[in-house]
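Residue numbers (the working numbering): 128 to 422. See structure below.
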């Protein structure tokens with residue numbers, strides 16, 4: 128393990144933000160990761176419509192990863208980068224399914240592929256998941272953390288299934304149902320992949336709870352940020368479920384506070400992962416314009 132220097136590193140990220148050298152390094156890593164993401168979308172193209180998956184989206188994902196763990200290389204960030212892109216493709220794939228039997232066949236297949244089964248050669252998302260599984264399985268922490276990653280995948284798939292079923296029935300979820308199904312956002316799944324990539328092993332029930340709290344906060348940030356671009360009345364969003372914006376902002380503040388409390392408790396055993404998740408949450412609050420003003 129490397130020994131920390133006594134003097135602050137030029138790459139340190141402080142409360143006032145990264146210095147110029149640190150920001151340059153972070154943006155360089157993000158640029159490399161963005162190019163890889165665009166390459167994966169070309170390799171597994173079906174879910175990644177260029178009209179929706181534009182350069183700005185890849186840039187957002189890559190910058191979130193790089194700023195959240197600013198000392199990592201692009202290779203170290205790659206597993207989480209793959210996972211975050213896969214989850215976005217999954218949401219698109221599920222939204223276009225035609226029947227419930229098709230939905231459950233897809234879920235069962237993806238769970239099997241994540242356990243080492245052969246992918247469907249005609250399903251780009253299945254082939255992409257197989258690549259992710261092989262990459263994670265080759266890492267030293269995989270045997271210890273595999274069950275945690277598999278559990279987050281299961282939760283992501285089932286949350287999307289519940290959302291699909293609700294929409295198919297022609298009803299809107301309640302706000303509480305919507306927030307409960309934030310697992311479909313897939314951020315906790317991405318965090319689990321990052322844990323494997325960085326070797327952060329050991330008991331981590333508290334870390335899983337913190338990851339889901341961060342996921343809820345980021346989902347509400349994204350919903351509030353989307354309002355500035357105009358809401359699609361057919362797309363579930365916290366602002367279309369009966370709560371006025373001030374009430375959603377209050378719920379975001381509550382979710383953020385809960386996440387920080389859980390992260391503080393988890394930090395004693397998982398400092399780097401807790402820092403990574405908190406910076407992820409703060410990055411998206413800044414990106415979507417929902418961060419509280421500085422005093």
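Glycine residues also receive a C-beta, built at the ideal position from the N, C-alpha and C atoms.
No Cβ-Cβ contact shorter than 8 Å links residue 341 with residue 283.
Around the beta carbon of residue 417, 16 or more other beta carbons lie within 10 angstroms, which makes this residue buried. In the DSSP assignment, residue 248 falls outside any alpha helix (DSSP H), carrying neither H nor E. A straight-line Cα-Cα distance of about 13 Å links residue 294 and residue 218. When the beta-carbon positions are compared, residue 368 and residue 305 come within less than 8 Å of each other.
Secondary structure within the segment 204-288: the alpha helix (DSSP H) runs of 4 or more consecutive residues, fully enclosed, are 227-240, 251-264 (chain order). Secondary structure of residue 318 (DSSP, three-state): helix. For the set 211, 171, 394, 233, the Cα lying nearest the Cα of residue 329 is the one of 394. Taking 8 Å as the cut-off, the Cβ atoms of residue 415 and residue 351 count as close. Closest in C-alpha terms to residue 272, from the list 325, 303, 196, comes 325. Per DSSP, the unbroken alpha helix (DSSP H) holding residue 378 starts and ends at 372-393. Rounded to whole angstroms, the gap between the alpha carbons of residue 375 and residue 248 is 43 Å. Three or more beta-carbon pairs separated by less than 8 Å link the segment 204-212 to the segment 251-271, which places the two stretches in contact. Around the beta carbon of residue 176, fewer than 16 other beta carbons sit within 10 angstroms, so the residue counts as exposed.
Taking the Cα positions, residue 401 is about 17 Å away from residue 203. When only Cα atoms are considered, residue 224 and residue 169 end up about 22 Å apart. Taking residue 333 as the centre and dropping the five residues before and after it, the same chain places the C-beta of 392, 393 closer than 6 Å to its C-beta, in chain order. Each of 190, 165, 191, 192 was checked against the Cα of residue 179, and the nearest Cα belongs to 165.
Look at residue 411 here: in three-state DSSP terms it is helix. Exposed is the label assigned to residue 413, since fewer than 16 other Cβ atoms lie within 10 Å of its Cβ.
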